[in-house]
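Under the UniProt record's numbering, the sequence shown has 603 at position 603, and the numbering climbs by one with no breaks. Ideal Cβ placement from N, Cα and C applies to all residues, glycine included. Since the model is a prediction, treat every value here as computed from it, not as a measurement. Heads up: the structure comes next, in structure tokens.
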Amino acid sequence: MFLALQSSEPIGAAFAAGVQLGFLSGCSPSLFAQRNTSAIPTSQRLANGASSISGSPTLSSATSFSQNQQHTQTTRSVPSLPRKAQTILSILQEDGCWSSRLEVALAEFGTHLRSWNVCEILRSTSDPQLVFRLFDWFRHQSNFRHDHYTYNTLIEVLGQAQDFHTIWRTVETMGREGILLTDTPFNVLIRSYSAAGLVGDVRRTFLSMKRYGCQPTAITYRDYITAMVDARRLNDALSAYSNMLKRGYIPDAQVYAVLIIGLCKNADLVRAEKIMDEMLARECTPNRYIYHAFIDAYLKEGDDEKATAVLEDMLQSGCTANSVTFRMMAYGFCKLEKADKALDIFKIMIDTGMDLGSKLHNALIHVLLKNGRATTAILLLQEMKKRGCDPDVVTYNILVKWLCREGKVDEAFHLLDELRTSEECDTRLYNVFIDGIFKVGRADRAVTVLSDMRSHGCEPNELTYSTLINGLVKDGRVDDALEILDEMIMKGFDPQTKMHNKMLDTLFKLGTADVALSTFHKLREKGYITSVVTYNTLINGLFKVGRTEEAMSFFEEMVEEGCNPNTITYNVLVEGLFRAGAPELALSKIQQMLGRGSNLDVVTCSRIMNWLCKKGRLDEALVLLDEFIERGCKPNNHSYSTLIDGLFAAGRVEEAMTTYGRMGQVGCTPNIVTFNVVIKALCRLGCMDEAMTIMHEMKTARCFPDIVTYTLLMEGFLYVGRHQQAIRLFKEVKEKGIRPAVLTYTTLIGGLCRQGQSLSAQKLLEEISASGASPKLQQKLRKLIERGGTIDDENGPHDGERKSQSAG
């Protein structure tokens with residue numbers, strides 16, 4: 001079947017000629033390349049679809065492929081260095097530091113100082129201290145004065161070393177000495193800050209240029225946009241791109257590539273297509289990386305037809321596809337389980353002499369078997385061998401798993417038998433086989449596997465034994481499992497109590513509590529140690545099947561046997577008693593434990609606190625909170641958030657704020673949930689200034705507001721009639737690149753309408769629509785405006801949205 005895919009005409013020749021390939025036949029017309037820029041927009045053309053292809057390796061950073069652009073400022077041609085200058089370079093290369101012979105060479109060179117050869121000498125070292133000392137030596141020569149070329153060279157070297165403080169000192173020195181200050185120092189700083197991950201400093205540097213009397217150039221915009229995209233601040237990057245166009249600069253291929261790749265990686269295909277349209281309108285040719293970015297994004301969206309259409313554009317534009325392109329498509333088709341299209345890609349790769357490798361073969365064999373196309377998978381395996389690509393252990397793992405899944409255990413074993421002399425037939429493969437046997441209910445075959453393994457020269461490992469034991473236990477063959485366990489120990493594997501506990505846990509999960517208890521007693525008789533983990537497993541299992549008295553009996557036995565309960569025991573005990581409807585008994589046990597001086601962990605503390613708060617027993621929760629803190633057990637953020645929320649709900653505002661203030665004193669820093677709980681309550685009370693103060697505290701604590709925070713504040717401002725503040729917050733959300741939720745839009749639009757601000761709501765809807773909102777969302781918001789901010793909901797939008805927000 002696979003061989004039947006071969007065509008009569010060599011694909012390689014057709015591909016080299018750039019014509020439409022066989023598997024692309026029937027595709028829509030070119031989506032990007034060679035089109036009239038006034039024609040249908042990209043988004044509409046892409047919607048027409050294509051025919052086939054998908055996949056995608058991870059795309060690297062946009063800067064990894066971009067070509068370095070030449071600086072736009074005037075540069076001087078550099079003649080060859082004088083012999084004495086070359087001597088200095090040799091010394092610097094050999095010594096790598098300031099030396100006596102370097103001083104001699106510099107002194108001899110002093111009469112030949114020129115700006116261009118000083119720049120070459122400075123560039124020859126990456127040591128910031130050495131380059132600064134060289135720079136300072138040149139400064140003190142009577143026959144030489146540094147100019148902006150040498151200063152810029154110094155800054156470039158310092159930038160590579162990320163010596164930001166010295167760069168800024170140098171910039172200040174240039175200003176004092178009247179040296180021409182160009183964009184170069186700022187470009188270096190932007191690139192260096194970006195490389196160090198200091199995106200805030202990138203932005204501050206960009207904005208500081210005006211203060212130094214220097215305007216951004218095309219190079220500055222390129223570097224700044226690249227930095228913003230690498231930091232995933234796409235809105236800032238697009239804003240800079242817009243300003244770049246307004247200032248009359250024409251973006252180069254790198255700017256377009258950086259923006260498009262960043263947007264595609266963020267799944268923002270609407271804006272990526274728009275940038276692509278602008279790129280083509282300016283007759284700037286896309287490169288392979290841009291096409292790969294679109295293909296990658298469409299495949300991740302599951303749209304193989306659009307990905308195929310982009311590939312056809314790529315070929316028609318004269319941009320040659322390579323092995324990365326086709327691997328991307330092949331893997332994508334396999335992930336989307338489109339086996340026929342993946343086979344077409346394989347055919348092209350084979351015809352063009354590309355190396356497929358075992359990994360790609362394995363991916364296709366896997367999807368073929370998964371889709372029930374075993375014949376094609378076997379033929380592909382045969383073709384793989386004929387081309388000299390040997391199957392590896394992964395290949396055989398796939399085959400064995402499939403055979404076992406299909407219930408063909410004997411065939412799987414026959415395959416293992418054929419591989420007995422092969423390197424691929426190892427313990428890992430047998431472990432896959434054993435796992436498959438149990439999954440198809442053939443536990444009867446499992447008991448002979450160990451002897452089969454040994455006859456093939458494979459020794460079982462700990463995973464082999466554990467898989468066998470767990471499988472046999474699940475099948476109810478406890479005696480067989482115990483025999484395997486004995487053999488495991490005899491072979492030198494020490495399961496300690498882990499294996500026993502796994503057996504017991506499995507039996508409880510199967511609902512066979514009596515078998516679990518019987519197994520426990522057998523283990524005891526064999527002399528296996530009963531640990532705290534074993535008791536925890538028994539207690540937990542019995543609680544889960546409702547046998548509370550027996551669980552408590554084992555707990556008492558545990559204490560009597562001198563096996564000290566640990567924090568997990570207490571957690572299991574508290575949860576089990578709560579589940580059994582005995583919370584008072586749980587609290588009593590907790591008090592006993594505290595009386596014995598036992599410490600609880602944060603999980604147990606939080607579980608108790610949460611239950612008390614949910615039951616409205618806030619006074620007890622507050623008392624218990626103090627006791628926990630005194631004993632060094634600090635409830636977590638979730639417990640504090642629940643308690644604070646409960647206090648606010650009960651109208652105990654002052655106590656809620658006091659509890660919130662105490663968090664920092666006991667070393668528990670509020671998180672986003674805690675801050676949102678406080679902000680939500682203050683907004684409901686109409687205390688918007690206080691709510692904004694909490695928001696500022698969030699930022700100070702480096703806990704940045706999320707869309708829930710902003711939505712709560714917007715709703716609160718609308719509730720008290722301060723709609724302008726709500727709109728400002730919405731704009732801040734967009735500026736920060738935070739993606740609004742549907743609730744955010746409905747809260748703002750609905751609130752404006754209810755405040756009689758229908759015109760503002762309509763204007764906001766137009767902005768939302770222009771930003772690429774989905775048609776479904778636009779329709780929902782339009783209906784909301786038509787109804788004056790009300791929704792067909794029995795509670796009304798305001799109450800409904802408050803409940804939804806509270807749940808968030």
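Query                                                                                                                           : Result
Assigned secondary structure, F144 (DSSP; H/G/I helix, E/B strand, else coil)                                                   : coil
Boundaries (first-last residue) of the alpha helix (DSSP H) holding V131                                                        : P128 to R139
Local conformation of L180 per DSSP, three classes                                                                              : coil
Validate contact between the segment 165-181 and the segment 137-144 using beta carbons, cut 8 Å, 3 pairs                       : no
Cβ-based burial, Q757 [other Cβ within 10 Å; buried from 16]                                                                    : buried
From I644, H723, Q592 and Y535, residue whose alpha carbon lies closest to that of M609                                         : I644
Cβ-based burial, M209 [other Cβ within 10 Å; buried from 16]                                                                    : buried
Candidates K544, S606 and K265: closest to A580 by CA position                                                                  : K544
Exposure of K306, with buried meaning 16 or more beta-carbon neighbours within 10 Å                                             : buried
V440 - DSSP class collapsed to helix/strand/coil                                                                                : coil
Rounded Cβ spacing between I225 and A240 (contact assumed at less than 8 Å)                                                     : 5 Å
Close-in-space but distant-in-sequence residues of the same chain around N235 (CB under 6 Å, 5 per side omitted)                : G737
Through-space distance from R373 to N461, alpha-carbon basis                                                                    : 34 Å
Candidates T184, N470, L158 and D480: closest to K509 by CA position                                                            : N470
Assigned secondary structure, T693 (DSSP; H/G/I helix, E/B strand, else coil)                                                   : helix
8 Å contact criterion, which T325 and H292 should meet: CB distance rounded                                                     : 7 Å
Simplified DSSP state of V708, which is helix, strand or coil                                                                   : helix
Spatial distance of L504 from L625 (CA atoms)                                                                                   : 36 Å
Any alpha helix (DSSP H) of 4 or more consecutive residues that is wholly inside the segment 187-266                            : 199-208, 218-230, 234-246 and 253-265
Any non-hydrogen atom of the ligand SAH closer than 7 Å to P775 Cβ                                                              : This structure lacks the ligand SAH, and indeed carries no ligand of any kind.
Closest Cα partner of R204 within the set N117, F186 and Y710                                                                   : F186
Opening and closing residue of the alpha helix (DSSP H) in which R676 lies                                                      : The question names Arg, but residue 676 in the sequence shown is Asn. Looking at the DSSP string, the run of the alpha helix (DSSP H) that includes N676 is I672 to R684.
Contacts around P565, its chain only, beta-carbon distance under 6 Å, and the 5 residues preceding and following it disregarded : none
Per-residue burial, G789 [other beta carbons within 10 Å of its own, 16 or more giving buried]                                  : buried
Own chain, CB closer than 7 Å to Y298, minus 5 neighbours either side, in chain order                                           : K306, A307 and V310
Where the alpha helix (DSSP H) containing H638 begins and where it ends                                                         : N637 to A649
Same chain, Cβ closer than 8 Å to E337, neighbours up to 5 away in sequence not counted                                         : V367, K370 and N371
Length of the line joining the Cα atoms of L238 and L259                                                                        : 8 Å
The segment 152-165 / the segment 112-128 touching (three or more Cβ pairs under 8 Å)                                           : yes
Residue interval of the alpha helix (DSSP H) (run including L625)                                                               : L618 to E630
Alpha helix (DSSP H) segment containing W611, residue limits                                                                    : V602 to K614
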